[in-house]
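Undergrad: Which chain is which? The protein sequence lines are A and B, in order. For the first sequence, numbering that gives the first Met the number 0 assigns the number 0 to the initial residue and increments by one for each residue that follows. For the second sequence, numbering that gives the first Met the number 0 assigns the number 0 to the initial residue and increments by one for each residue that follows. Quick reminder that beta carbons are idealized off the backbone N, C-alpha and C, glycines included.
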Amino acid sequence: MTVKPYVRAVPRYTWFLAHSRYLRYITREVTCVFIGAYAFLMLVGLKRLAEGREAWEAFVQALASPASLVFHVAVLAFALYHTTSWFNVTPKAMPIQLGDGFVPGRVIVGAHYAIWIVLSLAVLILAGVF
Amino acid sequence: MAKSDKALVWGLFAAGGTVTAFVTPVLVVLTLLPALGVLPDVLTYDSLRAFADATLGRLAIVAIVVLSLWHAAHRLRITLHDFGVRADYAVAVVVYVAAAVGSLAAGWYALAL
Numbered sequence: 000m001t002v003k004p005y006v007r008a009v010p011r012y013t014w015f016l017a018h019s020r021y022l023r024y025i026t027r028e029v030t031c032v033f034i035g036a037y038a039f040l041m042l043v044g045l046k047r048l049a050e051g052r053e054a055w056e057a058f059v060q061a062l063a064s065p066a067s068l069v070f071h072v073a074v075l076a077f078a079l080y081h082t083t084s085w086f087n088v089t090p091k092a093m094p095i096q097l098g099d100g101f102v103p104g105r106v107i108v109g110a111h112y113a114i115w116i117v118l119s120l121a122v123l124i125l126a127g128v129f
Numbered sequence: 000m001a002k003s004d005k006a007l008v009w010g011l012f013a014a015g016g017t018v019t020a021f022v023t024p025v026l027v028v029l030t031l032l033p034a035l036g037v038l039p040d041v042l043t044y045d046s047l048r049a050f051a052d053a054t055l056g057r058l059a060i061v062a063i064v065v066l067s068l069w070h071a072a073h074r075l076r077i078t079l080h081d082f083g084v085r086a087d088y089a090v091a092v093v094v095y096v097a098a099a100v101g102s103l104a105a106g107w108y109a110l111a112l
């Protein structure tokens with residue numbers, strides 16, 4: 000006797016809309032588009048810096064445009080999503096053994112957030128923002 | 000991609016994920032500020048030039064650009080699969096070649112500084 004196997008229908012292109020868990024997963028994965036776009040912007044900036052003062056100042060001028068503001072707000076939102084989703088899985092990605100047990104996950108995650116905040120503030124201060 | 004390449008691209012993905020998690024938000028804030036009419040000192044030609052002229056500063060710039068590219072490339076490969084694109088080999092070639100070209104360009108510009 001043959002039994003027709005049950006194959007759960009999964010829509011190939013819209014599966015991530017089926018559950019909020021899937022939506023959070025795909026949002027995390029899509030952050031790469033924005034990280035990549037920002038990497039490209041940094042690459043262009045590096046090129047302009049290498050080309051000299053005039054090219055660099057034109058680049059900074061372009062950064063002041065409304066389109067740049069929209070781009071940066073979008074990148075910032077997804078970059079923050081990347082940061083939090085990355086930090087929140089660190090206990091799974093690199094559990095730290097201590098004697099017979101493991102360092103509690105919230106300690107590892109908390110340490111990442113603490114270092115991130117201190118580092119970000121240090122960069123802002125050194126960059127002359129404050 | 001051959002199995003032996005996995006460790007390399009995954010290593011770059013993980014290193015890039017960690018570096019971007021720590022530094023991308025604050026860098027985005029810095030380059031966002033000109034659009035709000037604020038020019039942080041580091042974005043003036045003389046200041047950034049001085050930063051890039053220090054060996055560590057130049058290495059940091061290249062490392063951040065290169066690791067961001069490889070992180071994004073690898074995750075984009077997986078994400079395209081998630082969106083139903085099944086031509087994984089072609090996708091892998093395109094994203095990794097793009098990351099490699101971008102990395103070489105970053106190195107080239109850094110040497111040309």
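So is residue 4 of chain A buried or exposed if we call it buried at 16+ other beta carbons inside 10 Å?
TA: Of the other Cβ atoms in all chains shown, fewer than 16 fall within 10 Å of the Cβ of residue 4 of chain A; this residue is therefore exposed.
Undergrad: Answer with buried or exposed for residue 74 of chain B, where buried requires no fewer than 16 other C-beta atoms within 10 angstroms of its C-beta.
TA: buried
Undergrad: How would you list, in chain order, the residues of chain A whose beta-carbon sits under 7 Å from the beta-carbon of residue 108 of chain B?
TA: Within chain A, the residues placing a beta-carbon under 7 Å from that of residue 108 of chain B are 45, 46 and 49, ordered along the chain.
Undergrad: Identify each residue in the region 8-28 of chain A for which the Cβ-Cβ distance to at least one residue of chain B is less than 7 Å, and report them in chain order.
TA: 11, 12, 25 and 28
Undergrad: For the region 8-75 of chain B, list the alpha helix (DSSP H) runs that are entirely contained and at least 4 residues long, ordered along the chain.
TA: 44-52
Undergrad: Is it the case that the region 96-111 of chain A contacts the region 36-50 of chain B, given that we only count it when at least three CB pairs across the two stretches are under 8 Å?
TA: The answer is no - the region 96-111 of chain A does not touch the region 36-50 of chain B, with fewer than three Cβ pairs under 8 Å.
Undergrad: Who are residue 100 of chain A's beta bridge partners in DSSP?
TA: A:97
Undergrad: Rounded to whole angstroms, how far is the Cβ of residue 108 of chain B from the Cβ of residue 8 of chain A, which I believe are closer than 8 Å?
TA: Residue 108 of chain B to residue 8 of chain A, Cβ: 50 Å. No contact.
Undergrad: Which residues of chain B have a Cβ atom closer than 8 Å to the Cβ of residue 68 of chain A, listed in chain order?
TA: 31, 34 and 35
Undergrad: Please name the residue in B:66, B:80 and B:57 whose C-alpha comes closest to that of residue 97 of chain B.
TA: Of the candidates B:66, B:80 and B:57, the one whose C-alpha sits nearest the C-alpha of residue 97 of chain B is B:66.
Undergrad: On the three-state DSSP scale, how would you describe residue 3 of chain A?
TA: coil
Undergrad: Starting from the beta carbon of residue 83 of chain B, find every residue of chain A whose beta carbon is closer than 8 Å, and list them in chain order.
TA: 11 and 12
Undergrad: Check residue 8 of chain A in the structure and name its three-state DSSP category.
TA: coil
Undergrad: Since residue 20 of chain B meets chain A, which of its residues come closer than 7 Å, beta carbon to beta carbon?
TA: 81, 82, 85 and 86
Undergrad: Roughly how many whole angstroms lie between the Cα atoms of residue 91 of chain A and residue 80 of chain B?
TA: Just so you know, the alpha carbons of residue 91 of chain A and residue 80 of chain B end up roughly 24 Å apart.
Undergrad: Does the beta-carbon distance from residue 78 of chain A to residue 33 of chain B come in below 8 Å?
TA: no
Undergrad: Residues of chain A with CB under 7 Å from residue 51 of chain B, in chain order?
TA: Those within 7 Å of residue 51 of chain B in chain A are 48.
Undergrad: Within 8 Å, do at least three Cβ pairs link the region 12-32 of chain A to the region 58-67 of chain A?
TA: no
Undergrad: Anything in chain B within Cβ reach of residue 122 of chain A, meaning under 7 Å, just list it in chain order.
TA: What residue 122 of chain A touches in chain B: 25.
Undergrad: If the criterion is Cβ atoms closer than 8 Å, does the pair residue 82 of chain A and residue 105 of chain B meet it?
TA: no
Undergrad: Compare the C-beta of residue 37 of chain A against all C-beta atoms of chain B and say whether one is closer than 8 Å.
TA: yes
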